[in-house]
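Since the structure comes first, as C-alpha cells, the remarks are kept for the end.
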Amino acid sequence: MYVHPWKGIIANIPTTLQDGKHVGESGRKLREDLAKKGFNPLKVQPLWNRHGHSGYAIVEFNKEWDGFNNAIMFEKSFELDHYGKKDYYSSRRKKDKLYAWVAREDDYYSGGLIGEYLRRNGDLKTVSSKEAEDRRKTSKLLTTLNDTLETKNQRLQEMQNKFNEVSSSMSTLMWQKDEMIRAYNEECKKMQENAHNHFKQISLEHERNAKCILDQKRELEQREKELLQREAQNENETKKLQHEKMMNERAALEQKKADETMFKLAEEHKRDKEKLHREIIKLEKQLDTRQGLELEIQRLRGALQVMEHMNGDGDADTKKRLEVIQDELKEKEEELEDLEDLNQALIIKERKSNDELQYARKELITAFKDVSTRAHIGVKKMGEVDIKPFLVAAKRKYSAKEADVKSAELCTLWQDYLRHPSWHPFKILTDKEGNCKEILDEEDEKLVELKTELGDEAYDAVTTALKQMNEYNPSGRYIVPELWNFNEGRKATLTEGVQHLLNKWKLHKRRRC
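For the sequence shown, the tail end lands on 513 under UniProt numbering, and the numbers increase by one without skipping.
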C-alpha cells in the first residue's frame, strides 16, 4: 500500500549547526534538483523538530498516474545507485549522499516526524483501489454529462419548435400584408387614372368654351364697329346686336362662375387630402390597437392551454377560471375581427389617397420643371453638385480666365464620382438598443482629399449632394427632381404646390382680362 497523494521520502540531508539550531538545504533547492532529473515534484517539504532541520524531507508528487510514475522513477533512480530505503537502514556508515524512496504503509504507521506528516497529509491506497476509484469518478462524470446533454437536447428541441411556430406566423402575416398592399396599389392606380382622365376632359372642354366665347366677343365687337362706321343701323339690327351682346355678357358670367367652380373643386380636393391624412393617422392607431389585441389573444391562449392542462385534476375552481378565460378569449377574438375589418377599409382608403398624392406630386414636378428657381415653389435636382463652391476654390488656385473651366471640370468629376456605385462613403452605427443608422464616413480617402485640396465649401457641396442621392436614389445613383420650397429650404408639400399653381393661374387670368 502506498501513501496517497503519492509521496517520497528523502533522508540523510546534510545539516550544519548555526546558533544552536540545525540548518539544511531548502525545499525549493531540492525540488529544483529533482525537477532537473525529470521527476517533476510538486514541492519538497523539509521536516523540522525543536532542534531545527531533522535531515528528512517529504517529496510530494501529482496525485494522478503521471505523479505515480514519477515517484516510482524517483525511487528506482536512488536504488540503482544503492541509495534506497534498504541501503539507508542497513548501512552503518552513511555517506554524505541523499537516500530516498516512495512512502508506503510502514512509513505511514512509523513513529516520529515522517509518520506524523504522512498521516496528517495523506492516506493509504493500493494501485487497484486507485484504479477502481478513477473508474468510479469517470463513470459518474459520464453519467452527469449524458444527463446534461439530454437536458440540453430537450431544451434545444423546445426552442426549435417555438422558433418554427413563430416563423410560420410571421410568414403568414407578411404574405397578408403584401397582398393588402398590392390590392391597395391596384385600386388606387385605377381610381387615379379615372380621375385624371375626367379632369383632363373637363379642362379641354373648358378651354374650348373659353376660346369660343372670346372669338364671339371679338366678332361682335368688330361687327359693332362696322355698323357704327356705316351709320346704317336700323332698329331690328340694333336690337339683335344688343341681344347678342347681352348673351355674350351672360356667357362671360357663366365662364366666371365656371372658373370659381373649378377653384372650389381644387379647394375640396385639398380638404379631401387632409381628411385622408387624418384617416391615415387613424389607421396607424388602429394597427397599434390590433397588435395589442393580438398579443392579448396570444397571452389568453397560453393561459387557456395551461388551464386546460390543469383541468385534468377536476378541480371546480380551475374549471370556473377556465370558462372565464375562454369567454374572455372569444370576446377578444371577436373584437380583433371587427378591428381587422375596419383596418382593411382604412388601409384601402389610405392606399388610394397615397397613390393619388404621389401622382399629383409627379404631375406638379413636371409642370414646374421650366419654372425659374427664383420662384417661391419650384423643382430642385436632388443629388446635383453645386458648382459655386468649386468656382470659389478655383479662383484661389487659378487665374480668372482658367477658373471657370477648372471649376466646371472639377464639378463634373465629382458628379461622376457620385454616380459611380462602387463609391459609397457611408458606415453603419448601432446604438445600445440595437438600432442601426447609416452616417457619412468623414474619414473616407476621397472626401479627406477633397477637403484638403478645395476647402470646406466644396466638401460641403459634395457631401450635401451625396446625402441627397443616398436618400432619394441610392440604387440608381442619378439625379432626382423634387418639389421644393426655396424660401424655407425644404421639400414642398403637395398643398403648397397646388396653391402656388392656382395663384399663377389666377394671375394669368387677370392679365388676359
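Glycine residues also receive a C-beta, built at the ideal position from the N, C-alpha and C atoms.
For residue i, which three-state DSSP category applies?
i: residue 482; result: strand
i: residue 10; result: strand
i: residue 124; result: strand
i: residue 442; result: coil
i: residue 203; result: helix
i: residue 171; result: helix
i: residue 198; result: helix
i: residue 139; result: helix
i: residue 497; result: helix
i: residue 53; result: strand
i: residue 42; result: coil
i: residue 437; result: strand
i: residue 490; result: strand
i: residue 24; result: strand
Just to check my reading of the structure: residue i and residue j have Cβ atoms closer than 8 Å, yes? What is that Cβ distance to the nearest angstrom?
i: residue 472; j: residue 382; result: 5 Å
i: residue 514; j: residue 356; result: The structure shown does not extend to residue 514, since the chain spans only 1 to 513, so no value can be given for it.
i: residue 13; j: residue 32; result: Wrong, their Cβ atoms sit about 15 Å apart, outside the cutoff.
i: residue 220; j: residue 249; result: In fact, because the Cβ distance is near 10 Å, the residues do not count as touching under 8 Å.
i: residue 78; j: residue 70; result: That belief does not hold up - the Cβ atoms of residue 78 and residue 70 are roughly 13 Å apart, past 8 Å.
i: residue 117; j: residue 47; result: 6 Å
i: residue 8; j: residue 74; result: 5 Å
i: residue 449; j: residue 389; result: So it is not a contact: roughly 16 Å between Cβ atoms.
i: residue 83; j: residue 57; result: Actually they do not touch by this definition, with Cβ atoms about 14 Å apart.
i: residue 483; j: residue 365; result: 5 Å
i: residue 397; j: residue 417; result: 20 Å between Cβ atoms; not a contact.
i: residue 501; j: residue 408; result: Not quite, the Cβ-Cβ distance comes to about 34 Å (not below 8 Å), so this is no contact.
i: residue 108; j: residue 119; result: 6 Å
i: residue 403; j: residue 391; result: 6 Å
i: residue 485; j: residue 496; result: 6 Å
i: residue 227; j: residue 241; result: 7 Å
i: residue 4; j: residue 125; result: 4 Å
i: residue 59; j: residue 80; result: At roughly 17 Å, the Cβ-Cβ gap does not stay under 8 Å, so residue 59 and residue 80 are not in contact.
Using alpha carbons as the reference points, say which of the options lies closest to residue i.
i: residue 478; options: 507, 491 and 384; result: 384
i: residue 129; options: 2, 363, 401 and 444; result: 2
i: residue 72; options: 228, 92 and 102; result: 102
i: residue 55; options: 455, 70, 15 and 40; result: 15
i: residue 421; options: 476, 87 and 359; result: 476
i: residue 123; options: 6, 510, 203 and 192; result: 6
i: residue 22; options: 334, 91, 338 and 51; result: 51
i: residue 182; options: 351, 412 and 488; result: 351
i: residue 394; options: 320, 121, 49 and 411; result: 411
i: residue 98; options: 418, 104 and 88; result: 88
i: residue 468; options: 295, 491, 398 and 436; result: 491
i: residue 533; options: 176, 20 and 403; result: Past the edges of the chain, shown from 1 to 513, lies residue 533, and the structure says nothing about it.
i: residue 387; options: 399, 438 and 414; result: 414
i: residue 429; options: 441, 423, 463 and 364; result: 441
i: residue 443; options: 208, 401, 427 and 431; result: 427
i: residue 63; options: 121, 326, 496 and 34; result: 121
i: residue 424; options: 451, 364, 465 and 186; result: 465
i: residue 481; options: 436, 487, 398 and 380; result: 380
i: residue 493; options: 141, 362 and 218; result: 362
i: residue 91; options: 113, 147 and 11; result: 11
i: residue 498; options: 432, 435, 510 and 376; result: 376
i: residue 19; options: 45, 35, 30 and 53; result: 53
i: residue 216; options: 235, 331, 190 and 247; result: 247
i: residue 470; options: 431, 435 and 419; result: 419
i: residue 360; options: 170, 203, 192 and 114; result: 192
8 Å is my cut-off, CB to CB: does residue i come that close to chain B?
i: residue 453; result: Here chain B cannot be found, since the structure has a single protein chain.
Alpha helix (DSSP H) segments (min. 4 residues) lying fully within the segment 363–432: 388–397 and 400–419
Ordered list of alpha helix (DSSP H) runs contained in the segment 58–129, each at least 4 residues: 65–80, 85–90, 105–108 and 112–121
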